[in-house]
Amino acid sequence: MVRAVTGGDDDTPQADTRGITATTKATTTGPVTKEQYAQLLAGSDGAIKATFGKLNTSDPAAFAKAAPAAAGSIRAEAQKLRATTPPPAAAAAHAQLALELQSLGDMVEETADTKQDCPAASPYTSVLQSGWADNVREDARKLAAADPAYKFGTFLPAAPKEQNRRLKTGTFVKRTSTGGLGHLKIKNGADDTTISLVPAKGKKPKPVFTVYVRGGGSFTAKGIRDGTYRIYTASGEDWDNGRKGFTRDCAFSKFDDTFKFTTTSYSSSIWTITLTPIIGGNASTSNVDPNSFPN
């Protein structure tokens, strides 16, 4: 309710300036030297860093704009690694790194193309916290263990620690209208939730208020003017106050019925809603696309 080359030249005759024909023997390219391999890793790391850093934004649109270049550079460097025979001590980690880099590039592009379940979540953070990113970090550690000169992965910051930011119950995230006599009593038995009271009429109505109620908390919103409203709820974990939304485990819904507030000379409307399934409850709800949720 409310709630994924080695090889030499062919034996090709070559003519010198005196007309004498010479033949080169086929050779097999062996591993690069330690110094060459260290330079290769540093060069690849720097090439990726130049584009990957532009993903560091909480704006999904800016992330999507930077993603193709970042994904392209990651894949290009993965291809260079695959085309290289490393020193024997680095062979296993090298092979895994080439594979993990390719997958990381794919994930960057997929993250940009996929709608987030939590619009307030940072796509950059999602990439840094992914299993692919963890695997690249682990491969880089294994390479450094093989030889301290093998440095790679400075483009990839450590995964941010999971946060659980919350507001106090009764905190108004938004409030544009007061002065009425109506009350809305909210009992929240679900996760932390924001409750938005939205006029039922209008092409793109905006909430007259959005209030935060913690899981297990109760709050009464007062001062509601007469009118007919819809109630929308957004629940989840870790409230980003800058983006006004939860960053994890999000769910968006609305009550199917409208709520009419009226005032007479002797009474005013008081509605009570319970944000958890209850036996005998008389209010159904429907899921809402987060991208069409009223701001």
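Heads up, the sequence shown is in my numbering, so the first residue is 1 and it goes up one at a time.
Backbone N, C-alpha and C fix where the C-beta goes; we use that ideal spot for every residue, glycine too.
Note that the structure is a prediction, hence the values are computed from the model and not measured.
Subject >> For P199: DSSP bridge partner residues >> reply: Looking at the DSSP assignment, P199 forms a beta bridge with Y229.
Original post:
Exposed or buried, P160, counting other C-beta atoms within 10 Å across all chains shown (16 or more means buried)?
Top reply: Looking at its Cβ environment, which holds fewer than 16 other Cβ atoms inside 10 Å, P160 is exposed.
Original post:
Whose C-beta lies closer than 8 Å to the C-beta of V198 among residues of the same chain, with five residues either side of it excluded?
Top reply: P205, K206, P207, V208, Y229, R230, I231, Y232 and P294
**OP:** Give me the Cα-Cα distance between R243 and A146, rounded to the nearest whole angstrom.
**Re:** 43 Å
**OP:** Closer than 6 Å by C-beta to Y37: which residues in its own chain qualify, once you throw out the five before and the five after it? Chain order, please.
**Re:** Cβ-Cβ distances below 6 Å link Y37 to P86 and P87 in the same chain, with the five nearest sequence neighbours on each side left out; the list follows chain order.
Subject >> Span of the beta strand (DSSP E), counted from its first residue to its last, around V304 >> reply: It is not possible to answer for residue 304, since the shown part of the chain is limited to 1 through 295.
**OP:** Report the residue from A90, Y212, N56 and M107 whose alpha carbon sits nearest the alpha carbon of R75.
**Re:** M107
**OP:** Using 10 angstroms around the beta-carbon of K260, count the other beta-carbons present and answer buried if the total reaches 16, otherwise exposed.
**Re:** Label assigned to K260: exposed.
Original post:
On the premise that S268 lies in contact with G182, defined as a C-beta separation below 8 Å, what is that separation, rounded to the nearest angstrom?
Top reply: 6 Å
Subject >> Closest by C-alpha distance to R82, when choosing among L41, F172 and T210 >> reply: L41
Original post:
Of all the CB atoms in chain B, is at least one closer than 7 Å to the CB of A50?
Top reply: Structure shown: chain B not included; a single protein chain is present.
Original post:
Per DSSP, what kind of secondary structure is T193 in: helix, strand or coil?
Top reply: strand
Original post:
Leaving out the 5 sequence neighbours to the left and right, which residues in its chain are closer than 7 Å to T57 when beta-carbon positions are compared?
Top reply: Taken in chain order, the residues that qualify are F63 and Y124.
Original post:
For K254, does the count of other Cβ atoms within 10 angstroms reach 16, so buried, or fall short, so exposed?
Top reply: buried
Subject >> Contact between the segment 91 to 110 and the segment 133 to 147 (3+ Cβ pairs under 8 Å) >> reply: yes
**OP:** Would you mind sorting G245 into buried or exposed? The rule is 16 or more other CB atoms within 10 Å of its CB.
**Re:** buried
Original post:
Count the other CB atoms within 10 Å of the CB of A91; is the residue buried (16 or more) or exposed (fewer)?
Top reply: exposed
**OP:** Could you name the residues of the same chain whose beta carbon sits closer than 6 Å to that of A129, not counting the 5 residues immediately before and after it, in chain order?
**Re:** The amino acid at residue 129 is misidentified as Ala; the sequence shows Gln. So the qualifying residues of the chain are A159.
Subject >> Buried or exposed (CB count within 10 angstroms, at least 16 for buried), P60 >> reply: Counting Cβ neighbours within 10 Å, P60 comes out buried, since at least 16 surround it.
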